[in-house]
Amino acid sequence: MANLKVTLVPQLSDNYVFLLECQQTGEVAVVDCPDAEPMIALLDEKQLTPSKIFNTHHHWDHVGGNEDLISEHEGLAVYAHSSDASRIPGLTTSVDHGASFEVAGMTFGVLHIPGHTTGAVAYTIADCVFTGDTLFAAGCGRLFEGTPEMMYESLNVKLAALPPSTRVYCGHEYTASNLEFALTLEPDNQALLDKQRAVQAIRAQGKPTVPTTLEEEFATNPFMRCDQPAVIQAVRSKLDGEPRPAAVLAAVRAAKDAF
Ligand SMILES: [Zn+2]
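Here the sequence shown stands for residues 2 to 260, numbered as in this note's numbering.
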């Protein structure tokens, strides 16, 4: 949507906060913020007043800035999944899978994508999706609370149903190390080799590799390629019996945890 401006704001060592501005109405929202102080300074500098925070999940490096942002901007609404109601500071609006709501004339959609945490959500707007720590470029979040089955469905059923051209805004700059791991599973995947070369050039300039697109993830992300013979073969020795996709994902995740 031409009206939506997304600004990436790096925080901490590798987090991304996203500042959303509707260029038609001037409405401003923030997606996840660990540290309020630099965000408040940035908003002041740009003379912007946020009306909403969209939280993807409850981890402190995504919600740590909520309370101070609320103190600074009275009436700031905080959105998160209903199951996380007790874990999101300042929550005002619980949302569930399939919900959609209007912000400044733009429609936001909600996908419940458990796996990294049980209350993880993605927000869709226009051709963008904000995935927090569930889907990363060439990777996925650790399974802190959810099961491999949940993560499989979140990535390969719910997120994968969005148009392939969807731009994926994830919560951390992990792309280079994710690609390094992915290439241990699929060393001959040309899309992966091409992406690694592109990402090295981007990082050499100190620039973000986010957003990616779903289309790129289908071609490079091992957690969205659990049906690919090379990926199955790479973890074959860790599988009992038939290579069920969720079992392949679990084995890939375990290998990444040890990488
Ligand atoms: Zn997290």
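Even for Gly, the Cβ is constructed at its ideal location relative to N, Cα and C.
Only a predicted model underlies this, so the values are computations on that prediction, with no experimental measurement involved.
Review point. First and last residue of the beta strand (DSSP E) that includes residue 316?
Key: Past the boundaries of the shown model lies residue 316; the chain is included only from 2 to 260, so the question cannot be answered.
Review point. Under a three-way DSSP split, which group does residue 2 fall into?
Key: Its pLDDT being 45, under 50, residue 2 is placed unreliably by the model, and the measurement read from it follows with that caveat. In the structure shown, residue 2 sits in coil (DSSP, three-state: anything other than H, G, I, E or B).
Review point. In whole angstroms, what separates the C-alpha of residue 32 from that of residue 205?
Key: 27 Å
**Study point:** Status (buried if at least 16 other CB within 10 Å, exposed otherwise) for residue 165
**Key:** exposed
Review point. With respect to the alpha helix (DSSP H) encompassing residue 94, which residues constitute its N-terminal and C-terminal limits?
Key: Careful: residue 94 lies outside any alpha helix (DSSP H), inside the beta strand (DSSP E) at 94 to 96.
Exercise for review: Give the DSSP-derived three-state secondary structure of residue 63 in the structure shown.
Suggested key: helix
Exercise for review: Compare the Cα-Cα distances from residue 80 to each of 54, 66, 87 and 97 and report the closest residue.
Suggested key: 54
Check your understanding: According to DSSP, is residue 53 helix, strand or coil?
Key -> strand
Review point. CB residue 34 to CB residue 48, shorter than 9 Å?
Key: no
Check your understanding: Residues near ligand 1, CB to any non-hydrogen atom under 5 Å, in chain order?
Key -> 60 and 134
Review point. Taking all protein chains shown into account, do 16 or more other C-beta atoms lie within 10 angstroms of the C-beta of residue 195, making it buried, or fewer, making it exposed?
Key: exposed
Review point. Terminal residues of the continuous alpha helix (DSSP H) containing residue 179?
Key: 176 to 186
**Study point:** CA-to-CA distance, residue 154 to residue 259, given in whole angstroms
**Key:** 23 Å
Review point. Got a sec, what are the start and stop residues for the alpha helix (DSSP H) residue 168 sits in?
Key: Careful: residue 168 lies outside any alpha helix (DSSP H), inside the beta strand (DSSP E) at 168 to 171.
**Study point:** Bridge partners - residue 209, DSSP secondary structure assignment
**Key:** Residue 209 pairs with nothing; no bridge assigned.
Practice item. Give every residue of the same chain whose Cβ lies closer than 8 Å to the Cβ of residue 245, excluding the five residues on either side of it in the sequence, and list them in chain order. Key: none
Review point. Roughly how many angstroms separate the alpha carbons of residue 9 and residue 19, rounded to a whole number?
Key: 5 Å
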